[in-house]
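Protein sequence lines, in the order shown, are assigned to chains F and L.
Take the first sequence: its position 341, counting from 1, is numbered 341 in this note's numbering, and each next residue is one higher.
Every number in this note's numbering is 1000 more than the matching position in the second sequence, counting from 1.
Number of protein chains: 2
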Amino acid sequence: MPTVYDVARLAGVSTATVSRVMRGSDLVRPVTRDRVLAVIEEVGFVPDASAQGLSRRRKEIIGLVGLERGVDETDIERDGLLFVDVVVHAVEAVLRGTDTSLLLSFGPSGEPFHNRIRALSGKVDGLLVVEDVLAPAQLRALARRLPVVAIAASAAGAGLDVVRVDNPAGMRELTNHLTGHHGYRRLGFVGGPRDAPDAVERLSAFSSAARTVSGGTVDVVPGGDFSEASGRTAARVLLGREAIPEAVACANDQMAIGVMRELQRSGIDVPGDVAVTGFDNIFPGRVVEPALTTVGQPVRDLGVRAAARLLERIEGSTEPARAETLPTELVIRRSCGCPAEPKE
Amino acid sequence: MPTVYDVARLAGVSTATVSRVMRGSDLVRPVTRDRVLAVIEEVGFVPDASAQGLSRRRKEIIGLVGLERGVDETDIERDGLLFVDVVVHAVEAVLRGTDTSLLLSFGPSGEPFHNRIRALSGKVDGLLVVEDVLAPAQLRALARRLPVVAIAASAAGAGLDVVRVDNPAGMRELTNHLTGHHGYRRLGFVGGPRDAPDAVERLSAFSSAARTVSGGTVDVVPGGDFSEASGRTAARVLLGREAIPEAVACANDQMAIGVMRELQRSGIDVPGDVAVTGFDNIFPGRVVEPALTTVGQPVRDLGVRAAARLLERIEGSTEPARAETLPTELVIRRSCGCPAEPKE
DNA sequence: AACACGGATGTAACCGCTTACAACCGAGGA
DNA sequence: TCCTCGGTTGTAAGCGGTTACATCCGTGTT
């Protein structure tokens, strides 16, 4: 691999000049610049990022760490992809306008992954942390070492930048639709993983909203893992109850799809006998039968805002840390009992 | 940020010893090691990866570059996620057992992205290239600079490691099912992007297989972009034909779903009037009505094998470059005209 | 003609870690 | 007692860029 020294020698200049050309400095005579560029092109010189990073104290890399949920490989392949991947693509899109790249790492929360993240922190200029991969204390320790922005994390706590979605508002809106517009009273809820703050927030918002209407009851099936399979399991649990709720809300769309399919398999009509709703507004929810009523969240924006914020921090922004909450949107389709939408 | 020098001073040893402790060398007296570790823990020392990389000539980072297709952000969010993301997760899973991390970058093929990749090559020890992001010549130039493994690339050409899927075999098997088992003769095909070698291979395999049966004709609608929306567009094109094919195969599942939905919207029964099939076996294909008959490909394995191969190359393996072809699997569900599967 | 000045270029120190080699130390052997 | 030897630790030279500072050179001044 050619180095600046090789280029300098071949172009008959010093390494300083080569470096100046690479970085686009304007105090190089055009004729010199061209000579250097020609050599660079000829030998295919690409600067070593480690050397640059060491010298400039800037690696031009940010990291993103998130949870890897499915234990079953097939699950990962089929179900687990949506949330974090959308965030990744959004972040990458923001980075496309800069010189920095995205390093990523997934893992199950726990000691080994924590160590991995620690080592990773030596490779990057800043870190995006998705959901609760780290305990609050660990997160805070990390944030002392380098800029950190949390995405969809519960640890809104003091002095941390967080970007998240307004789960309570979305859930309230959905609940009002179910209890107000449709008049359902006996409600059910299929919960998600405990380490997903989103899931926790959704459940509590649903419960409290549901209980404000007179006669509203909530039958909670906890402990899903956001997969379609766990939705089916939850449906079986509900089928074993004395009375099945009139409407079942789920902590995310995939579980909702699982619930619907399992109910249908048992001859129950959705939404005729039981209404089912999701949360997230992912693609499959549009194509299932009946189409899924859900709450849409601006996942992509989540990534965009978090990336932008992190870049500012890396640039040295010192404005106080702040939690940014993005709005959700109720998406009414047919699984709640509403008629088919006119459009489409 | 504390450095080895700080740690060395505080522990009363030399930087060499600190380094030896960090790297787990066995020629450090246990008592010394413990003292050093205590200091490391206390000051929260994390080695700077740039300095390590420079010194060791190893960055412990590999890159993955792939195409970003959807121009429309919404499309990306809803449709575009599956193939490359599965690969990413698979690669990441392999890396989890090592000290190396994954750097990734997406972009539309073209000059700007090529430059980005070039710069990126200074940050990594090796590169995974998904589909045809680069022209063969560029790919080859890259491969001269550092280890490269191509995934699902057409450039099987000389001297390049490639891991891919046996599209022709899968397509042949599917075609045989349609023409043999079901006896369809007037066939249609909805093609994918020209820069997706998979799409190209699938089309040509389908065409040649279909034409080997007597009376087999193929009505090709080219130029889809793998999105559901482009499937709908293709369906509209087919609806404008004098005669709609008896069976329409699509270059991927998402387009197949689009085709089905658009046909159904026009009152056409699938599979009663027209059979539709996909390719990929993604999650939504299982939940649509009718469930989609498709060809499953081991996307995850693609990532796993490619990552493993790249790591070997980085370790210095000099065995000759080789193309590895993974098998596909016919997944029969209902959209081809077969009755519902007994199980599930 | 001597001199000041500013633009272009070169010199060399430094970024933080690794590692070849040197130095040191205590124990065992002659 | 002196030497050898193996195990432990220290010294210092890189790794490949960047950049503060020094140097050089051609003009314009006086």
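Beta carbons: idealized from backbone N, C-alpha and C, even for Gly.
Once the 5 residues before and after residue 322(F) are set aside, which same chain residues still bring their CB inside 7 Å of it? 161
Specify the secondary structure class of residue 116(F) as computed by DSSP and reduced to three states. Three-state DSSP puts residue 116(F) in a helix.
Using a Cβ-Cβ cutoff of 7 Å, what residues of the stretch 195–215 of chain F are near chain L? List them in chain order. none
Please tell me whether residue 1094(L) has its Cβ less than 7 Å away from any Cβ of chain F. With a threshold of 7 Å between beta carbons, residue 1094(L) makes no contact with chain F.
In whole angstroms, what separates the C-alpha of residue 1072(L) from that of residue 1016(L)? In this prediction, residue 1072(L) has a pLDDT of 43, which is less than 50 and means its spatial position is unreliable; what the coordinates show is noted afterwards. When rounded, the distance between both Cα atoms is 54 Å.
Output yes if chain L places a C-beta closer than 7 Å to the C-beta of residue 289(F); else output no. yes
Verify whether the separation of the beta carbon atoms of residue 259(F) and residue 294(F) is less than 7 Å. Against a cut-off of 7 Å, the Cβ pair of residue 294(F) and residue 259(F) comes out as no contact.
Along the chain, where does the beta strand (DSSP E) that runs through residue 186(F) open and close? 186–190
Does the contact criterion of 3 or more C-beta pairs under 8 Å hold for the stretch 1053–1069 of chain L versus the stretch 1118–1131 of chain L? yes
Less than 7 Å separating the beta-carbons of residue 1152(L) and residue 1131(L)? yes
Distance between residue 68(F) and residue 1093(L) (C-alpha atoms, nearest Å): 9 Å
6 Å CB neighbourhood of residue 1209(L) in its chain, flanking five on each side removed: The residues 1172 and 1175, in chain order, have a CB closer than 6 Å to that of residue 1209(L) in the same chain once the five nearest residues on each side in sequence are set aside.
With 7 Å as the C-beta to C-beta threshold (strictly closer), list the residues of the stretch 1120–1137 of chain L near chain F in chain order. 1120, 1121, 1122 and 1123
Using a Cβ-Cβ cut-off of 7 Å, state whether residue 1024(L) counts as contacting chain F. no
Which ranges would you report for the beta strand (DSSP E) in the stretch 275–312 of chain F if only whole runs of at least 3 residues count? Complete beta strand (DSSP E) runs here, min 3: 275–277 and 294–296.
Note down, in chain order, every chain F residue with its Cβ under 8 Å from the Cβ of residue 978(L). Beyond the ends of chain L as shown, which are 1001 and 1344, falls residue 978(L); an answer cannot be given.
Where do the ends of the beta strand (DSSP E) carrying residue 1042(L) lie? From DSSP, residue 1042(L) is part of no beta strand (DSSP E) but of the alpha helix (DSSP H) over 1030–1043.
Residues bridged to residue 210(F) [DSSP beta-bridge criterion]: The beta-bridge partner set that DSSP reports for residue 210(F) is empty.
For a test of the three-state rule: what should DSSP assign to residue 1226(L), helix, strand or coil? coil
Tell me whether residue 1315(L) sits in a helix, a strand or coil according to DSSP, three-state version. helix
Residues bridged to residue 106(F) by DSSP? In the DSSP assignment, the residues bridged to residue 106(F) are 66(F).
Is the beta carbon of residue 1187(L) closer than 7 Å to that of residue 1149(L)? no
Decide yes or no for the touch test of the stretch 1234–1244 of chain L against the stretch 1254–1268 of chain L: beta carbon pairs closer than 8 Å, at least 3 of them. Contact holds: three or more Cβ-Cβ distances are below 8 Å.
Output, in chain order, the set of chain L residues within a Cβ distance shorter than 7 Å of residue 49(F). 1122 and 1123
Quick check on the burial criterion: 16 or more other C-beta atoms within 10 angstroms. Buried or exposed for residue 48(F)? buried
Buried or exposed (CB count within 10 angstroms, at least 16 for buried), residue 98(F): With fewer than 16 other CB atoms across the displayed protein chains lying within 10 angstroms of its CB, residue 98(F) is exposed.
For residue 1242(L), three-class secondary structure by DSSP: coil
Counting only runs of 3+ residues fully inside the stretch 113–153 of chain F, write out the beta strand (DSSP E) ranges in chain order. 126–130 and 148–151
Local Cβ density within 10 Å of residue 1031(L), reported as buried at 16 or more and exposed below that: Within 10 angstroms of the beta-carbon of residue 1031(L) lie fewer than 16 other beta-carbons, which makes it exposed.
Residue 1317(L): buried (16+ other C-beta within 10 angstroms of its C-beta) or exposed? By the neighbour-count rule (16 or more Cβ atoms within 10 Å), residue 1317(L) is not buried but exposed.
Would a C-beta distance cut-off of 7 Å place residue 291(F) and residue 251(F) closer than the cut-off? For residue 291(F) and residue 251(F), no; Cβs fall outside 7 Å.
Residue-chain proximity (residue 1234(L), chain F), Cβ-Cβ < 7 Å: no
Residue 114(F) versus chain L: which residues are under 8 Å apart at the beta carbon? In chain order: nothing, as chain L lies at least about 13 Å away.
Helix or strand or just coil, what does DSSP make of residue 1164(L)? strand
Could you check which residue in 1230(L), 1193(L), 1248(L) and 1268(L) has the C-alpha nearest to that of residue 1220(L)? 1248(L)
Please state if the CB of residue 2(F) and the CB of residue 28(F) are separated by a distance shorter than 7 Å. It is not a contact, given that the beta carbons lie outside the stated cut-off.
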